[in-house]
Amino acid sequence: MSTYKKEAVLTIGFFVLYLLMAHTAPWAIILGIDNSVRVLGYPLHYFVAIAVGWFGVLGVSIAWNHLADKLDDEITSGAEALDEEGGNKAPSAGPDASEFEPVKGKSL
Amino acid sequence: MNEIVWQLPNVWMGIGITVAVFCLYYGVAFYSRSDTHTTADLYVAGRSIGPVVNSLAAATWMSVATFLGVVALIQQLHLPFVYMWIQLILSVPLLVLLYGAMFWRMGVFTSVSFVRIRYGQPAAYLAAAWMVLIMLMYMIGQFVCIAKVFEVLLGLPYLPSLIVSALVITGYITIGGMKGATYNDAIQMVIMMIALVVPLAAILQHLGATGYWFPPLGYGNMTDIMLSKIPEFFDLKFDPRFYLALFVALTLGILGLPQLAQRVLTSSSIKAARRVVPWFCLWVGLAFSATYAMGFAGVFHFAALGQVLPPEAADKTTLLLNLAYNPQWVSGFVIAGVLAAGVSTIAGLMIGVATIVGHDIVGMLKPDLSDQKRLRWGYVGLAGTGIVSLLISLDPPAFLIISIFWAFGMCACAVTPMIVLGAWSTRINRIGAISGSIIAGLFYIALSPYVFPDFSIGTGLVAKLGFAAALITVPMGFILTVIISLAYEKLAGSAYQKVLTEAHDLVEKMHGWPNVSGTRYAGTQWLWILCALWVPVLIWGLQPW
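Chains as they are written, first to last, in this note's numbering: chain C, 1 to 108; chain Y, 1001 to 1545.
This is the structure we're talking about:
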């Protein structure tokens, strides 16, 4: 898979994962709720909401950090640049907004 | 219930603790002042903040509601409000995932700076107007809440409380700039967590929770008693559309909040910006879980006593429980925690507004100003923001106080599409972005119960919170931005190529690519799929609610 596609898959994948972790009400709607099913004394759907909404999101964040760092290294190292034709070399990317020229389009 | 019950018997103790913590905040602000030499120092702390401090500072954005409103709403709505609050943890994670890291790479100070570079000045003025409106609504709510804390908990009159607290807060934020505000925010988050979690452990112990030593998850053994008193506590209550609206109005709204984006931009490196996310989740998860536990304890306590709290008393549940089960000095510290929550949120908002006004708008009007003059404008912007908020807070419109959630919906339809789509597609242009933002934003306002009640979509809570309007206008915002952009591109013909080339140059560079291919982020297929996904949401939103 190309680095460009990896970026898209990683971003969409983690976006969906985040939603699944922090929006657990749809799980409860689909699976139904039963207050007699308990975890640590809490009804299952309540426990899932507060535990997954915290530790689940935290776990996804740690995994995303790891993978995003690797992907970033791949992108900025220009691993794919050699395969691109007709690309013009950009100035070094960094925290300086002056390198980014406004998209004018005023003639339109 | 007598009003005096929730006031500290020894008011001077509360005032003393409050003065002590504000002295600390001023000390940090003065210390940080010596590091503020440029506009980058003032607005983004010279990009010098590490992930732990930054995450603590970012985690304070949930405001004074952490102590007051949330606990009260858990008492009124029970489980649905827990679901509503939990997803707010996604604010910073989704923001960094979708555009925060790219903004850091660009070196911009705010989301408005990005909009200016991406779409041009007219779009930047529009984005600035929406963002300032959203942040002012949020900030005025905080000012009013803090004055009410003084008024209700310490028995001080509202107006002097408002004026003194607003001036004191504006003073220390103006002195310390972003660096002072960031370190103060981090200190305030620690104070908040201690003031929330430690007294809660003692309260839960008194109530019989076996896991009181870990309050966020330590009250499971109280479930049966709770169900015997309030059988519906764990029910879902609302239909699936309500839970969809949590994503559409709130999740998508908070990820566009400019003051949160600016927080990420203070990071010392792009990896440090990413590291903010897991730390943020750790702190926010702890604070949120403790808040649910406090709400649960409040419901449990009053159900056990057979008392029904009036709405105005429900807001003070945290203090009522502390007064009932903990020594008086603990309640004094909790008040310091409440104030820390409000003050830290105001700090982020104030710097956010000041950066947009002092840097973005002044920068567009007077592009040739020197950095020193911009810095001076920045200080004027900070002080001016505080004073304007104070003046509006003297006689706040009634809907402002209850509609902070409503402001998130406005952000979701008017701001989020132009930012997220602009960061991920070169095919989005200024005509599409401006049209989508104006039409969706104005529809959102028109459909709300606050401006034209006769046109309001939905009734009751879903209308007041903006959920009903957001289910129509957020899909509208995304769909219009895409369709108008692509239609304009087609109409413009070959003359459009220059704009497209510039967009490629910008978007590919902000993603970190060392070369510009001219082909990345140019597909339209995913834009059409996105529009198709929004259509059923729009249709569902149009059904009577």
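Ideal Cβ positions, reconstructed from N, Cα and C, are used throughout, including at glycine.
Chain Y places no beta carbon closer than 8 Å to that of residue 2 of chain C, leaving this residue out of the contacts. For residue 1094 of chain Y, the residues of chain C that pass the 8 Å Cβ criterion are 15 and 18, in the order they occur in the chain. Partner residues in the beta bridge of residue 39 of chain C, as assigned by DSSP, are C:42. Annotation: the continuous alpha helix (DSSP H) that includes residue 1178 of chain Y extends over 1158-1207. Taking 8 Å as the threshold, the shortest C-beta distance from residue 37 of chain C to chain Y does not fall below it. Bridge partners of residue 1049 of chain Y according to DSSP: Y:1267. Around the CB of residue 1300 of chain Y, 16 or more other CB atoms lie within 10 Å, so the residue is classed as buried.
Contacts between residue 1246 of chain Y and chain C, judged by CB atoms closer than 7 Å, involve 23 in chain order. In this structure, the CA atom of residue 1460 of chain Y is about 26 Å from the CA atom of residue 30 of chain C. In terms of beta-carbon proximity, residue 1475 of chain Y stays away from the interface with chain C, with every pair separated by 8 Å or more. The Cβ neighbour count for residue 1102 of chain Y, taken over all protein chains shown within 10 Å, is at least 16; the residue is labelled buried.
Contact check for residue 1395 of chain Y against residue 1039 of chain Y fails: the beta carbons are separated by 8 Å or more. For residue 1281 of chain Y, the closest Cβ of chain C is nearer than 8 Å. Following the DSSP letters along the chain, one finds residue 1034 of chain Y in no alpha helix (DSSP H), marked with neither H nor E. Counting along the chain, residue 1505 of chain Y sits inside the alpha helix (DSSP H) bounded by residues 1497-1510.
Burial state of residue 1174 of chain Y is buried, judged by a 10 Å Cβ sphere holding 16 or more other Cβ atoms. Uninterrupted alpha helix (DSSP H) stretches at least 4 residues long and entirely within the stretch 1367-1444 of chain Y occur at 1371-1394, 1398-1402, 1404-1414 and 1416-1424, given in chain order. Closer than 8 Å at the C-beta level to chain C, one finds these residues of the stretch 1250-1277 of chain Y: 1251, 1270, 1271, 1274, 1275 and 1277. Listed in chain order, the non-local C-beta contacts of residue 1243 of chain Y below 7 Å within the same chain comprise 1083, local neighbours out to five positions each way being set aside.
When Cβ-Cβ separations below 8 Å define contact, residue 9 of chain C makes no contact with chain Y. Burial is judged here by how many other beta carbons sit within 10 angstroms of a residue's own beta carbon; residue 1307 of chain Y has fewer than 16 and is exposed. Counting the other CB atoms within 10 Å of its CB gives residue 1334 of chain Y a total of 16 or more, which places it among the buried residues.
Assigned with DSSP and collapsed to three states, residue 1515 of chain Y falls in strand.
For residue 1310 of chain Y, the three-state secondary structure derived from DSSP is coil. In the structure shown, residue 66 of chain C falls within a helical segment according to DSSP collapsed to helix, strand and coil. For residue 1043 of chain Y, the secondary structure class from DSSP, reduced to helix, strand or coil, is helix.
Restricting attention to Y:1065, Y:1187, Y:1097 and Y:1293, the CA atom closest to the CA of residue 1023 of chain Y is found in Y:1187. Inter-segment contact for the stretch 1366-1385 of chain Y and the stretch 1265-1281 of chain Y is absent: fewer than three beta-carbon pairs are separated by less than 8 Å.
The shortest C-alpha to C-alpha distance from residue 1176 of chain Y to any of Y:1255, Y:1044, Y:1132 and Y:1538 is the one to Y:1044. When the beta-carbon positions are compared, residue 1066 of chain Y and residue 1317 of chain Y stay at least 8 Å from each other.
Residue 1180 of chain Y has its alpha-carbon roughly 28 Å from the corresponding atom of residue 1158 of chain Y. For residue 54 of chain C, the nearest beta carbon of chain Y is closer than 8 Å to its own beta carbon. In the DSSP annotation of this structure, the continuous segment of the alpha helix (DSSP H) that includes residue 1142 of chain Y starts and ends at 1121-1148.
By alpha-carbon distance to residue 1428 of chain Y, the top candidate from Y:1488, Y:1200 and Y:1374 is Y:1488. For residue 1106 of chain Y, the uninterrupted alpha helix (DSSP H) run begins and ends at 1101-1106, by DSSP. In the DSSP annotation of this structure, residue 1218 of chain Y is not part of any alpha helix (DSSP H), being labelled neither H nor E.
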